[in-house]
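Asker: Take this structure, written in structure tokens, and hold onto it; I'll ask about it next.
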Amino acid sequence: MNNPERLSPNGRRLLDRRGFLSTAGLSTASLALAGILDADGLLADEIRTVSGKSPIRPAIDPGRPYSSRKTHFEVPAKQVLVIYCPGAVSHVDTFDYKPALMKLDGKKPPGLPEVTFEGPTGNIAKPFWDFKPRGETGKMVSDLLPNLGGQIDDFCFLHAMTTDTSAHPQGENFINTGFTMEGFPSFGSWVTYALGTENQELPAFVAINDPRGLARSGKNNFGNGFLPAAFQGTDFSAKSPPNNLNRPVTLSADEDRKTVELLKRLNAAHLEKYPGDANLAGRIASYELAGRMQTSVPEAMDLSGETAATIKSYGVEGGSELRGQ
Amino acid sequence: MTGVFQDVEFGSRFPEFSSEHPRRKRSEELWSKISKQRRTLRELGGWEENWGAFRELHFKAYTTKAIRIRFKTPSVGLDELEVFGTAERNQNVSRASSGAKVTGFPEQGVDGRFPIVRLTDGEYGTMTWRAQLPKKSKERPWARVDFADEVNINRLRLSSNREYFYDTDYLTKKPSLPNYDFDVDVLKKDGSWQPWVGTWFVKTQLDKKHPERKAVLAEVQRLINTLAEEGPRPSFVARFVRPKPTHVLLRGSPENPRDEVMPAGPVIFGGDLKLTTKAAGSKRRAEFAKWVSNVDNPLTARVMANRIWHHIFGSGIVPTTSDFGKAGAAPTHPELLDWMAAEFVEPTVTQGKPWSMKSMIRLLVMSDAFRQASTPNAKGTTKDAGSALLWRFPPKRVEAEVIRDSILQASGSLNRLVGGRSYRIHNVKNTYAQWEVLDNHGPGTWRRMLYQERMRRVDDGIFTAFDFPDCGQVRAKRPVSTTPLQALNLMNGDFVIEQSNLIAERAKRESNGDLGLALDRCFEYLLGRTPAAAERDACLALAKETDLSLVCRALINSNEFAFLP
Numbered sequence: 000m001n002n003p004e005r006l007s008p009n010g011r012r013l014l015d016r017r018g019f020l021s022t023a024g025l026s027t028a029s030l031a032l033a034g035i036l037d038a039d040g041l042l043a044d045e046i047r048t049v050s051g052k053s054p055i056r057p058a059i060d061p062g063r064p065y066s067s068r069k070t071h072f073e074v075p076a077k078q079v080l081v082i083y084c085p086g087a088v089s090h091v092d093t094f095d096y097k098p099a100l101m102k103l104d105g106k107k108p109p110g111l112p113e114v115t116f117e118g119p120t121g122n123i124a125k126p127f128w129d130f131k132p133r134g135e136t137g138k139m140v141s142d143l144l145p146n147l148g149g150q151i152d153d154f155c156f157l158h159a160m161t162t163d164t165s166a167h168p169q170g171e172n173f174i175n176t177g178f179t180m181e182g183f184p185s186f187g188s189w190v191t192y193a194l195g196t197e198n199q200e201l202p203a204f205v206a207i208n209d210p211r212g213l214a215r216s217g218k219n220n221f222g223n224g225f226l227p228a229a230f231q232g233t234d235f236s237a238k239s240p241p242n243n244l245n246r247p248v249t250l251s252a253d254e255d256r257k258t259v260e261l262l263k264r265l266n267a268a269h270l271e272k273y274p275g276d277a278n279l280a281g282r283i284a285s286y287e288l289a290g291r292m293q294t295s296v297p298e299a300m301d302l303s304g305e306t307a308a309t310i311k312s313y314g315v316e317g318g319s320e321l322r323g324q
Numbered sequence: 000m001t002g003v004f005q006d007v008e009f010g011s012r013f014p015e016f017s018s019e020h021p022r023r024k025r026s027e028e029l030w031s032k033i034s035k036q037r038r039t040l041r042e043l044g045g046w047e048e049n050w051g052a053f054r055e056l057h058f059k060a061y062t063t064k065a066i067r068i069r070f071k072t073p074s075v076g077l078d079e080l081e082v083f084g085t086a087e088r089n090q091n092v093s094r095a096s097s098g099a100k101v102t103g104f105p106e107q108g109v110d111g112r113f114p115i116v117r118l119t120d121g122e123y124g125t126m127t128w129r130a131q132l133p134k135k136s137k138e139r140p141w142a143r144v145d146f147a148d149e150v151n152i153n154r155l156r157l158s159s160n161r162e163y164f165y166d167t168d169y170l171t172k173k174p175s176l177p178n179y180d181f182d183v184d185v186l187k188k189d190g191s192w193q194p195w196v197g198t199w200f201v202k203t204q205l206d207k208k209h210p211e212r213k214a215v216l217a218e219v220q221r222l223i224n225t226l227a228e229e230g231p232r233p234s235f236v237a238r239f240v241r242p243k244p245t246h247v248l249l250r251g252s253p254e255n256p257r258d259e260v261m262p263a264g265p266v267i268f269g270g271d272l273k274l275t276t277k278a279a280g281s282k283r284r285a286e287f288a289k290w291v292s293n294v295d296n297p298l299t300a301r302v303m304a305n306r307i308w309h310h311i312f313g314s315g316i317v318p319t320t321s322d323f324g325k326a327g328a329a330p331t332h333p334e335l336l337d338w339m340a341a342e343f344v345e346p347t348v349t350q351g352k353p354w355s356m357k358s359m360i361r362l363l364v365m366s367d368a369f370r371q372a373s374t375p376n377a378k379g380t381t382k383d384a385g386s387a388l389l390w391r392f393p394p395k396r397v398e399a400e401v402i403r404d405s406i407l408q409a410s411g412s413l414n415r416l417v418g419g420r421s422y423r424i425h426n427v428k429n430t431y432a433q434w435e436v437l438d439n440h441g442p443g444t445w446r447r448m449l450y451q452e453r454m455r456r457v458d459d460g461i462f463t464a465f466d467f468p469d470c471g472q473v474r475a476k477r478p479v480s481t482t483p484l485q486a487l488n489l490m491n492g493d494f495v496i497e498q499s500n501l502i503a504e505r506a507k508r509e510s511n512g513d514l515g516l517a518l519d520r521c522f523e524y525l526l527g528r529t530p531a532a533a534e535r536d537a538c539l540a541l542a543k544e545t546d547l548s549l550v551c552r553a554l555i556n557s558n559e560f561a562f563l564p
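What follows is the structure, encoded as structure tokens:
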């Protein structure tokens with residue numbers, strides 16, 4: 000607190016005398032207003048849900064959108080990792096045992112017309128690998144995946160997912176946001192919106208894309224939809240850190256730092272004209288996070304400190320460009 | 000509504016330009032030059048022209064009932080053979096539909112799958128006549144066309160997948176016809192074949208006799224290439240087909256067509272167009288357009304007025320600009336929206352023309368609502384913190400294009416060319432390969448970002464992060480996000496660093512080396528104002544210690560530059 004330079008302009012403003020009084024004053028006024036309206040029965044009823052409970056809405060400070068929030072349930076999980084493989088190996092060749100395919104191998108699919116919207120109907124092909132029951136659960140897994148088959152008791156499967164769309168980008172939207180159209184928040188966006196993050200050095204929600212290119216539906220797969228923009232996924236490639244992470248080679252560290260300091264002063268002066276503006280404060284916060292990422296991202300991406308055993312257990316020792324090394 | 004657009008199909012075509020369109024004018028200009036050169040060449044015998052996916056062989060006119068083409072190579076692949084009569088311009092006398100018959104060898108093509116009838120079926124594309132004879136074979140492919148009647152001919156055209164470029168001009172593979180060598184015979188009245196012209200002869204022998212031809216041929220080829228670039232070009236604006244009857248599809252399935260329906264707008268909006276399936280496609284679309292733009296149709300004006308409002312104030316009176324239906328949001332001020340819609344169609348206060356977007360924009364930006372200051376006050380903040388009622392103009396971040404264009408404008412390097420070919424930041428790729436961004440900052444890209452060619456899933460490495468939508472899907476409203484990636488791109492991207500240098504150089508140049516004046520200029524270029532005393536001190540200190548370009552870098556990244564107002 001003795002060094003106001005270490006605070007964001009928004010934070011500094013909350014603490015200076017004028018800012019404190021005005022914010023506190025306004026907050027009290029609005030509390031008072033809510034009290035009066037409630038007493039007069041003028042407040043709208045909370046929207047009721049099927050369960051009869053009110054929806055939980057996280058209180059989010061736009062200046063610090065990633066601050067950690069309480070979980071709604073007791074959960075042991077600390078992180079969530081979604082591995083999404085568009086165009087991956089077929090489910091009927093791996094984990095989804097469909098015995099009818101063996102019976103109908105080489106035959107026309109029953110109940111389908113000769114020619115459909117997408118051209119003549121082809122013959123059914125049985126899986127290219129045989130299936131065997133594995134583990135204690137006896138889950139059927141194909142011979143394509145003998146090693147994963149050995150670990151199968153630790154997996155959880157949901158073989159009930161269907162969609163009405165046959166197009167790739169819309170299908171991607173559907174699995175990652177629940178809607179075939181663009182404009183809806185993705186998994187990670189919802190989680191970050193609800194919970195924030197305990198790590199203030201890295202973006203809360205990171206999308207590590209295939210280095211060969213984004214999936215068909217692009218950023219919508221990790222987009223924020225109608226939620227505030229701060230909750231969209233920050234995309235890295237598995238091969239390289241985000242674009243433009245490092246300062247330009249033509250500038251020295253000192254020159255870079257001084258530009259950042261000047262920028263802070265310019266933005267702080269500008270913000271004085273718009274006290275408490277969430278969009279302006281949010282952009283200032285994004286520059287602060289960007290600055291922290293310049294040191295935290297290389298650290299996070301540096302695997303040289305990992306033991307050989309760790310690297311081997313993750314299977315990234317091969318040096319393939321698709322394995323992230 | 001499907002019936003209205005039943006004649007429109009996914010694809011490209013040459014747009015129908017009006018006679019005043021610059022591309023059409025340019026094409027007429029070039030064509031008259033080509034015709035002039037052709038007249039010179041005609042005096043000197045035959046010649047060949049390369050039009051990319053097809054070649055044209057011109058020869059001395061001859062009146063005949065049949066023509067025979069003997070290829071000198073064992074392999075040939077062609078989608079169409081056209082022979083032109085002299086009676087009418089571009090009258091293709093070899094087309095099967097004109098009564099001509101094609102025969103030849105090998106009649107059924109490779110593996111019997113590429114029959115010769117495809118040569119004259121009027122269809123371009125991948126359906127070809129393909130011959131592949133053993134190299135050692137003495138036989139060579141040939142094709143013969145018997146015309147419906149005796150006809151005077153002087154030109155033939157061979158093509159290969161001619162419309163490929165309609166889809167893909169960004170691929171390495173351009174449509175082109177291999178350089179086939181062949182001889183042409185014409186059928187004499189006595190039933191014998193007369194050798195008439197050949198590619199080898201016109202390409203090598205004639206030039207020996209008439210060396211002056213070379214320059215003329217080069218000029219013709221140059222004009223042809225210029226025409227392809229500057230004349231009308233095919234665009235992905237759909238192609239027209241003969242309309243089929245339109246059916247209700249049971250449960251949405253194309254495999255279950257039920258009742259036939261007529262071309263019309265939705266009944267709920269009074270969209271009966273009094274048309275039947277006999278109506279031509281163009282008639283259907285014209286009637287539909289009349290219905291959409293009819294002054295009695297309240298929807299069009301209402302939707303458009305709302306969109307204009309959305310673009311000016313950041314949110315529409317109906318916030319869901321593309322959904323006025325049950326799933327959309329209700330208007331916050333329905334009377335205002337209807338007043339604007341009425342004003343748009345029948346101006347009373349603006350004195351503008353009906354349907355003039357410019358008048359509407361002028362009306363809105365001169366309104367009291369738009370001219371409110373953006374600075375907050377306690378009274379306003381208490382009552383309406385989100386400024387939804389526009390008691391002030393809440394600061395909003397400008398779009399990617401505005402940021403990029405403004406930087407170029409500030410450095411004085413913005414190329415203001417209107418129209419023409421887009422600038423391209425990515426490579427020309429193989430089919431199915433991924434695009435790579437090659438140059439997102441060099442002088443070739445210093446045009447308005449409106450002209451940046453956008454490919455699906457290609458991130459330009461700087462401005463895509465500023466919510467530039469992927470162009471593969473419809474987006475009614477652009478989100479406005481704030482992410483650390485934007486900060487990194489705008490702080491460290493090559494584009495910004497280079498432009499910062501250019502802005503600083505320009506400022507120094509325009510202030511005779513006076514650093515204080517140069518600093519003022521930088522503020523004027525980027526923020527449209529001069530610096531306040533405290534800002535000036537801080538900026539001058541950095542400029543003296545390092546360079547003025549670093550001040551420009553900070554200004555480009557400032558909230559004041561990125562936000563409106």
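Protein chains in written order, with numbering that gives the first Met the number 0: chain X, 0 to 324; chain A, 0 to 564. A virtual CB, placed ideally from N, CA and C, is assigned to each residue, including glycine. Everything numeric in this text was worked out from a predicted model, so none of it was measured.
1. Can you grab the Cα-Cα spacing for the pair CYS551(A) / GLY515(A), in whole Å?
2. Determine, using beta carbons only, whether PRO21(A) comes closer than 8 Å to chain X.
3. Per DSSP, VAL139(X) is paired with what?
4. Taking C-beta pairs closer than 8 Å, name the residues in chain X that CYS565(A) reaches, listed in chain order.
5. First and last residue of the beta strand (DSSP E) that includes LYS208(A)?
6. Spell out whether any CB of chain A is found under 8 Å from the CB atom of PRO145(X).
7. Given TRP308(A), which residues of its chain have a CB within under 6 Å of its CB, disregarding the five upstream and five downstream residues?
8. Which residue wins for smallest C-alpha separation from SER373(A), given the options LEU389(A), VAL364(A), LYS382(A), SER281(A)?
9. Please name the residues in the region 269-283 of chain X whose beta-carbon is closer than 8 Å to at least one beta-carbon of chain A, in chain order.
10. Any idea what DSSP makes of GLN350(A), helix, strand or coil?
11. Out of LEU265(X), SER188(X), ASP152(X), state which residue places its alpha-carbon closest to the alpha-carbon of ALA206(X).
12. Please name the residue, chosen from ASN376(A), ALA304(A), THR347(A), LEU249(A), that lies closest to LYS272(X) on a Cα-to-Cα basis.
13. Within 10 angstroms of the Cβ of ASN278(X), are there 16 or more other Cβ atoms? Answer buried if so, exposed if not.
14. Which partner residues does GLN451(A) have in the DSSP bridge list?
15. Between MET292(X) and chain A, is there a C-beta pair that is closer than 8 Å?
16. Are the beta-carbon atoms belonging to LEU213(X) and ALA299(X) less than 8 Å from one another?
17. Is the Cβ of LEU244(X) closer than 8 Å to any Cβ of chain A?
18. Less than 8 Å between the beta carbons of GLY149(A) and THR63(A), yes or no?
19. If you drop the 5 nearest sequence neighbours on each side, which residues of the same chain put their C-beta closer than 7 Å to that of GLU559(A)?
20. Using CA coordinates, which residue listed in LYS77(X), ASP209(X), ASN172(X), PHE230(X) is at the minimum distance from LEU191(X)?
21. Mapping DSSP to helix, strand and coil, what is LYS52(X)?
22. Taking 8 Å as the CB-CB cut-off, is SER285(X) touching chain A?
23. Can you list, in chain order, the residues of the region 496-508 of chain A whose Cβ is nearer than 7 Å to any Cβ on chain X?
24. Among ARG508(A), LYS507(A), ARG453(A), LEU549(A), which has the Cα closest to the Cα of GLU497(A)?
25. Against chain A, with Cβ distances strictly below 8 Å, would ALA58(X) count as a contact?
26. Name, in chain order, the residues that DSSP records as bridge partners for LEU56(A).
27. Which runs of the beta strand (DSSP E) spanning at least 3 residues fall entirely within the region 178-239 of chain A, listed in chain order?
28. Could you check the C-alpha separation between HIS332(A) and SER366(A) for me, to the nearest Å?
29. Considering only DSSP beta bridges, list what VAL427(A) is partnered with.
30. Alpha carbon to alpha carbon, how far is HIS425(A) from ALA542(A)? Give it in angstroms, no decimals.
31. Check the Cβ-Cβ distances between ASN491(A) and every residue of chain X, and say whether any is below 8 Å.
32. Which chain X residues sit within Cβ distance under 9 Å of PRO375(A)?
33. The alpha helix (DSSP H) with TRP30(A) in it runs from where to where?
34. Report buried or exposed for ASP184(A), applying the criterion of at least 16 other Cβ atoms within 10 angstroms of its Cβ.
35. By the 8 Å beta-carbon criterion, what residues does the region 137-171 of chain X contribute toward chain A?
36. So, does the CB of ASN122(X) fall closer than 8 Å to a CB anywhere in chain A?
Answerer: Taking the structure as given:
1. The residue given as residue 551(A) occupies position 552 in the second sequence. The residue given as residue 515(A) occupies position 516 in the second sequence. The alpha-carbon atoms of CYS551(A) and GLY515(A) are separated by roughly 14 Å.
2. Position 22 of the second sequence, counted from the start, is the residue given in the question as residue 21(A). It does not; no Cβ of chain X falls within 8 Å.
3. Within the first sequence, the letter at position 140 stands for residue 139(X). Strictly speaking, residue 139(X) in this sequence is Met, with Val absent from that position. Its beta-bridge partners are PRO132(X).
4. Since the first residue shown for chain A is 0 and the last is 564, residue 565(A) is missing from the structure and cannot be characterised.
5. Indexing the second sequence from 1 puts residue 208(A) at position 209. Where LYS208(A) is concerned, there is no enclosing beta strand (DSSP E), although the alpha helix (DSSP H) it sits in stretches over 205-208.
6. Numbered from its first residue, the first sequence carries residue 145(X) at position 146. Chain A contact via Cβ: absent.
7. Counting from 1 along the second sequence, the entry for residue 308(A) is found at position 309. Once the five neighbours on either side are set aside, the close Cβ partners of TRP308(A) are GLY315, ILE316.
8. Along the second sequence, one-based indexing puts residue 373(A) at 374. Closest option to SER373(A), Cα to Cα, is LEU389(A).
9. HIS269, LEU270, LYS272, TYR273, PRO274, GLY275, ASP276, ASN278, LEU279, GLY281, ARG282, ILE283
10. As a working note, residue 350(A) is residue 351 in the second sequence. GLN350(A) falls in the coil class under three-state DSSP.
11. Indexing the first sequence from 1 puts residue 206(X) at position 207. For ALA206(X), the nearest C-alpha among the options comes from SER188(X).
12. Indexing the first sequence from 1 puts residue 272(X) at position 273. When each option's Cα is compared against that of LYS272(X), the closest is ASN376(A).
13. The residue given as residue 278(X) occupies position 279 in the first sequence. The residue is buried, with at least 16 neighbouring Cβ atoms inside 10 Å.
14. Mapped onto the second sequence, residue 451(A) falls at position 452. In DSSP, GLN451(A) forms a bridge with TYR422(A).
15. Along the first sequence, one-based indexing puts residue 292(X) at 293. At least one chain A Cβ lies under 8 Å of MET292(X).
16. The sequence position of residue 213(X) within the first sequence is 214, counting from 1. The sequence position of residue 299(X) within the first sequence is 300, counting from 1. Cβ distance not < 8 Å, so LEU213(X) and ALA299(X) don't count as in contact.
17. Locating residue 244(X) in the first sequence gives position 245, counting from the first residue. At least one chain A Cβ lies under 8 Å of LEU244(X).
18. Residue 149(A) sits at position 150 when you count from the first residue of the second sequence. Residue 63(A) sits at position 64 when you count from the first residue of the second sequence. Note that residue 149(A) is Glu in the sequence shown, not Gly. Yes, they are a contact pair.
19. Translated into positions along the second sequence, residue 559(A) becomes position 560. LEU526.
20. Working through the first sequence from its first residue, we reach residue 191(X) at position 192. What sits at residue 191(X) in the sequence shown is Thr, not Leu. Taking only the C-alpha atoms, the option nearest THR191(X) is PHE230(X).
21. Against the first sequence, residue 52(X) aligns to sequence position 53. Residue state, collapsed to three classes: coil.
22. Walking along the first sequence from the start, residue 285(X) turns up at place 286. By this cut-off, SER285(X) is an interface position.
23. ILE496
24. Reading the second sequence from its first residue, position 498 is the one you call residue 497(A). Comparing Cα positions, the closest option is LEU549(A).
25. For the purposes of this step, residue 58(X) is taken as residue 59 along the first sequence, with counting starting at 1. So, not an interface residue.
26. Residue mapping note: residue 56(A) aligns to position 57 of the second sequence, counting from 1. GLU47(A), LEU155(A).
27. 181-186, 192-197
28. Counted from its first residue, the second sequence places residue 332(A) at position 333. Counted from its first residue, the second sequence places residue 366(A) at position 367. Each residue's Cα considered, the two are about 16 Å apart.
29. As a working mapping, residue 427(A) is identified with position 428 in the second sequence. According to DSSP, VAL427(A) bridges with nothing at all.
30. Position 543 of the second sequence, counted from the start, is the residue given in the question as residue 542(A). Position 426 of the second sequence, counted from the start, is the residue given in the question as residue 425(A). If you take the alpha carbons of ALA542(A) and HIS425(A), they lie about 36 Å apart.
31. As a first step, residue 491(A) is located in the second sequence; it is residue number 492 there, counting from the start. Yes, ASN491(A) counts as interfacial toward chain X.
32. Counting from 1 along the second sequence, the entry for residue 375(A) is found at position 376. Simply LYS272, TYR273, PRO274, GLY275, ASP276.
33. Working through the second sequence from its first residue, we reach residue 30(A) at position 31. From DSSP, the alpha helix (DSSP H) with TRP30(A) extends over 21-42.
34. Here residue 184(A) is taken as the residue at index 185 of the second sequence, counted from 1. Classification for ASP184(A): buried.
35. PRO168
36. Here residue 122(X) refers to the residue found at position 123 of the first sequence. Chain A, which has no Cβ nearer than 8 Å to the Cβ of ASN122(X), makes this no.
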